[in-house]
Each structure stands twice: as structure tokens, then as C-alpha cells.
Amino acid sequence: MAPKVLISDKLSPAAVEIFKERGCEVDFLPDVGKDKEKLAEIIGQYDGLAIRSATKVTEKILAAADNLKVIGRAGIGVDNVDIPAATTKGVIVMNTPFGNAITTAEHAIAMMFAVARQLPAADTSTQAGKWEKSKFMGTEITSKTLGLIGCGNIGSIVADRAIGLKMRVVAFDPFLSDERAQDIGVEKVDLDTLLARADFITLHTPLTDKTRNIIDAAAIEKMKKGAYLINCARGGLVDEVALRAGLDSGKIGGAAVDVFVEEPAKENPLFGAPNVVCTPHLGASTTEAQENVALQVAEQMADYLVKGAVSNALNMPSITAEEAPKLTPFVKLAELLGSFAGQATETGIKGIRIEYEGEVAEMNVKAMTAAAVTGVLQPLLQTVNMVSAPVMARERGITIEDIRREQHGVYENYIRLTIITERQERSVAGTVFSDGKPRIIQIKGINMEAELGENMLYVTNDDKPGFIGQLGSILGEAGVNIATFNLGRKAEGEEAICLVEVDGQIPADALEKIAAIGQVNQVKQLHF
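Each step along the sequence shown adds one to the number in the numbering used here, with nothing skipped, and position 292 is 293.
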């Protein structure tokens, strides 16, 4: 029987044809996604669900989806899909992360021109019969400095267009290497330098805990007087109240905003502000982009339903059914090693090297390498998955190398991940024991054995008496319970590592106290 797919949002009719050509039955019901009750009533008939943003795939919908195998989102954002619930249900969630990059980049450039020349206000005034030529004094783009916050796929396209407009481009992106920056013609800088130098600032980064309100009152204070801000990325990257204050005071010369904290934006602090241009999340709204993402999602879903091929899956690694039982623990280990290294690294990453030793070297290392790179990039790029991670790493000039070796040490299977930065190389290694659980067995060349829990405290320090007592006292005073305590050192009096599993979040002031202990070099709370 042919797989049956429901298209519940307004997708290009070309998607219907692709499903049919590749052996799927299709019901094209573009309005049913807005009717939660109707969707819940009929979803049980389908193997696949193709959506855009109007359909909300909630836990209730998934509970009724007895035959559903795959959800395909035509676009990047999957905020409208309950991914944990889908994973529990065994439903793959796919997106199309690269189909609308050019369109979004072009919208950012268009918004920059619109706010620099006050085009919407000038249009409204002129069509009202006024001729306020002196009122709409604009700003030239040529020779100005454009600051990119985020220089991945979309950001690099914006950079290319801006250089063509004879702008100077500086970029802040922790994953952008010097070589990649040179290749695309941008100057890599830190965030404070970008804020101080840029005449125009445009955001092209995901919304994560680290990027939320990256443009707040403090950031605005560091900007040039009269600078312009463009956000076509994600609502929440900019503190809207702070931006409104900056516009009212004249600190910000103008702002162009396509995305908002609350959408649809019926009311917003920015509405009515001087020299602000607002559009209703149009970044991906061109005929070409809609066609691209519709075709891509149809191809991906049909290939999975008919052939079993998985691509751009957010909640499933690319692993065949035959190799899954043996490989899955090592995929988990690789991702944990990557996550550990990504969270512990504080400088720009140039390369990632993964070494496989023993039986694991004969397995599907491509899946494990993708999992490791996903783990490294996850802290800053939360929408990254095993398929897109290698692509995103290459876009940022990060080299990826995997090495296979026969067994040499005491462990039958061994994975070592090394992060190469502009200053140094740092490695972390692990294995999977007979219980199937991943273990850390070495950090920065220091041997230890530790199982990673949900909340870990990672401390590097000089091996001197009294440290462990002080650390325990600080955690005790903060009401933080210790679950496991793992120690390792190079030699007496030399560098040591403390890896502590704790119950819950460690308060910021407690982390500051730990960092203030005399012999401490680095303190991080890691989450897995």
C-alpha cells in the first residue's frame, strides 16, 4: 500500500506532484491545519504530515496520529512542532534549513535600504499629497560599516551583497574561523568591537539562551550614535523596550524589524517609534523560497516513506535499521563528547578532529562524526542536527577530520574528540562500557572515569591542598547537592580537573565564588 501524506498548510502545488511521482498518496487540505479538532480527527489516517507554520503539531495531535511516521516542515523553524512528543511517539521531524537563505538575506538588505532612506514614511507622505522633501533626509550605504551578528549561511550571503554595495563588513560569530572570514571578505571581531564600529547592524543568529536579548540596553549604549539596527532573524534577539528607548532618544538612527517577540504582532513597543520599519515576518516570503522549501520537504518525506532515507531530521540520526543497536550508544557518546567540548570551549573554533580506535573504527563513523559536530555546535546553534551540522561547520570555516585506528590501549573501543582553536588544542575522550552507557575517560590528557549527568560542574585548577574542601563548602552553602565527584590530575602540584555531577542549576554567585578560589583556572556548568 502506498504511503499516505497530508498537506495541512498552503504549500506549492508542485509538492503534491513530487509526492505522487515518488509513490505517495496525497491529500492537499491547506486549511485543515488551522482547525485543531478536524486535524486531530483525521491525522490517524496518514503516514506523513507536511506543514508550514500555521499547523500546530501538539501532543494532542500526536496522540491521535497512530500511523504517523514523519512530519516535514517546509522551512527552518519548528517551534510549532512538539519535538519531544514526536520523538516519544517515534515520529521523525524534518525541516528544510537551506531553502530560504537567499530570500531572507535579500530581505535584510532591502530593510537596510528602507530604513536608511525612510522609504515607507516617504511613500505614505507622498501618496497623502504632501511633498516633504526636506523631511526625509537619508543616509548613504556606500563606505559604511555593516556589522553581522551571526555569519552562517544567511549572514555570509548578506556579507557578499553588502561588499557588492561597497560596504565594509565586520562579523561576530564564535564559530567563524579566520580563514573563513578572509574567504568571504569580512573582518572577524568581538561583539563589543562590532557594536562600537558598525554604522548598520544586522542579526543572523538563532535564538538561544546565549543570544536572547543580545541587543539590550547595555549593547545599545555601546553602539555608535545614530547607528541602524536590522533584525530579520528571530524575535527575542532584541530587547524591544530598550530598542524603543534608543529610537526615542536618538541613540539609534533607525530600526528595521521583521520578527517580534510575540507574533502575530498586533501591538508592540516599536510601533509608532521614529524611523522604524516593520514587516510581518516576510523574510522567507518570496515565490522562489516557498517553491524551494515545498519541493525540498516533499522530496525528503517521500524518500523516507518510500526508501527509508533520512535527511535533515531534527530528532533522528542517519543510521540504518541493521546497524542501529550496536551503533546508537557510540553515536550518543560522540554527541556527548562534542557537547562537552563545545560548552567548555571559550574561543573561536578552527577545527574538530575525531579519532576512533578499536571496533568502533569499523562502524559507521560518518554518523558518529555528525553527532560529535552536532554536540559541538549545539550550545550556540540549537536548531542544528546531524545532517546540517557538518554543513554549518563548513560554512564557518571549521575543518572536520576523522581518523580510524586499530586498538592500541586497554579499551576495546575509544573515541577522542579534539577541538582546535586559534590558540591551542584541547581533547576529551570516552568509551562505552558493557552496560551500554557512555563514559568520559580522559580530559585534556588527564585520565579519569565519569558518567555525564544532566547537570555537571567542570573545574580546572592547580593541584594544591584545600581546593576540594573549599569547593564542597561553596556548593553546600548554595544548597547544591553533589551526586558524583570525579577527580584527575597530571601529577602532584600540576594541572587538575574536577568533574562534579550536581542536582540542578548552580547559582551564578556560587560559580563566581568557585572561580575566585586562588588556584582555579576555569569554571563551567555544563548541561547534557
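Backbone N, C-alpha and C fix where the C-beta goes; we use that ideal spot for every residue, glycine too.
Since the structure is predicted, the reported quantities are computational estimates derived from the model, not experimental observations.
Roughly how many angstroms separate the alpha carbons of Gly519 and Met449, rounded to a whole number? 23 Å
Within the same chain, show all residues whose beta-carbon is closer than 6 Å to that of Gly236, passing over the 5 residues directly before and after it, in chain order. Val260, Phe261 and Val262
Judging by CA-CA distance, which residue of Asp10, Met2 and Ile103 is the nearest neighbour of Cys25? Met2
Could you check the C-alpha separation between Gly489 and Gly467 for me, to the nearest Å? 15 Å
Classify Asn482 as buried or exposed, calling it buried when 16 or more other Cβ atoms lie within 10 Å of its own Cβ. exposed
Give the DSSP-derived three-state secondary structure of Val187 in the structure shown. coil
Presumed contact (8 Å Cβ cut-off) between Ala182 and Lys189, rounded CB distance: 4 Å
Report the residue ranges of all alpha helix (DSSP H) runs contained in full by the stretch 389-440; include only those spanning at least 4 residues, in chain order. 389-396
Residue from Val433, Ala451, Met302 and Val307 whose Cα sits closest to the Cα of Ala75: Met302
How is the alpha helix (DSSP H) around Ile515 delimited, first residue to last? Ala509 to Ala516
For Ala228, the three-state DSSP class (helix, strand or coil): strand
Could you tell me whether any non-hydrogen atom of the ligand FAD is closer than 7 Å to the CB of Arg427? Among the components of this structure there are no ligands whatsoever, and the ligand FAD is therefore not found.
Say whether the stretch 202-209 touches the stretch 225-234, bearing in mind that this needs 3 or more beta-carbon pairs closer than 8 Å, one atom from each stretch. yes
Specify, as a first and last residue, the run of the alpha helix (DSSP H) that Met317 falls within. First-last for Met317: undefined, no H or E at that position.
I believe Glu241 touches Asn269 by the beta-carbon criterion, under 8 Å. Please report the beta-carbon distance rounded to the nearest angstrom. 6 Å
Straight-line CA distance for Thr432 to His409? 14 Å
Which same chain residues, not among the five before or five after Asp32, have their C-beta less than 7 Å away from its C-beta? none
Could you please give the first and the last residue of the uninterrupted beta strand (DSSP E) stretch that includes Gln526? Val521 to His528
Just to check my reading of the structure: Asp48 and Lys90 have Cβ atoms closer than 8 Å, yes? What is that Cβ distance to the nearest angstrom? Not really, about 13 Å apart at Cβ, beyond 8 Å.
Report the partner residues of Gln443 according to the DSSP bridge assignment. Ala430 and Asn448
By the three-class DSSP mapping on this structure, what secondary structure does Gly138 have? The sequence given here has Met at residue 138, not Gly. Reduced to three states, the DSSP call for Met138 is coil.
Whole-angstrom distance between Ala55 and Met393, CA atom to CA atom: 27 Å
Using 10 angstroms around the beta-carbon of Gly505, count the other beta-carbons present and answer buried if the total reaches 16, otherwise exposed. exposed
Grouping DSSP H, G and I as helix and E and B as strand, with all else coil, what is Thr212? coil
Which complete beta strand (DSSP E) runs does the stretch 324-396 hold, if anything under 3 residues is left out? 350-359
Can you tell me the Cβ-Cβ gap for Ala511 and Asn487, rounded? I've got them flagged as a contact below 8 Å. Not confirmed; about 19 Å, so no contact.
Rounded to whole angstroms, what's the CA-CA distance from Ala492 to Ala299? Just pull it up for me. 58 Å
Which class does Glu502 belong to by DSSP, given the choice of helix, strand or coil? strand
Asn293, DSSP secondary structure in three states: helix
Cβ distance (whole Å) where Ile498 is taken to contact Ile420 below 8 Å: Rounded, the Cβ-Cβ distance is 16 Å, inconsistent with contact.
On the DSSP letters alone, give me the boundaries of the alpha helix (DSSP H) that Gly247 sits inside. Glu241 to Ser250
Less than 6 Å between C-beta atoms, sequence neighbours within five positions excluded: which residues of the same chain meet that for Thr346? Ile420
Is Ile52 close to chain B? Criterion is C-beta to C-beta, closer than 8 Å. No chain B appears in the structure shown, which is made up of a single protein chain.
Tell me whether Ala172 sits in a helix, a strand or coil according to DSSP, three-state version. strand
Please state whether the Cβ-Cβ distance between Glu292 and Ala111 is less than 8 Å. no
List the DSSP bridge partners of Ala256. Leu230 and Val277
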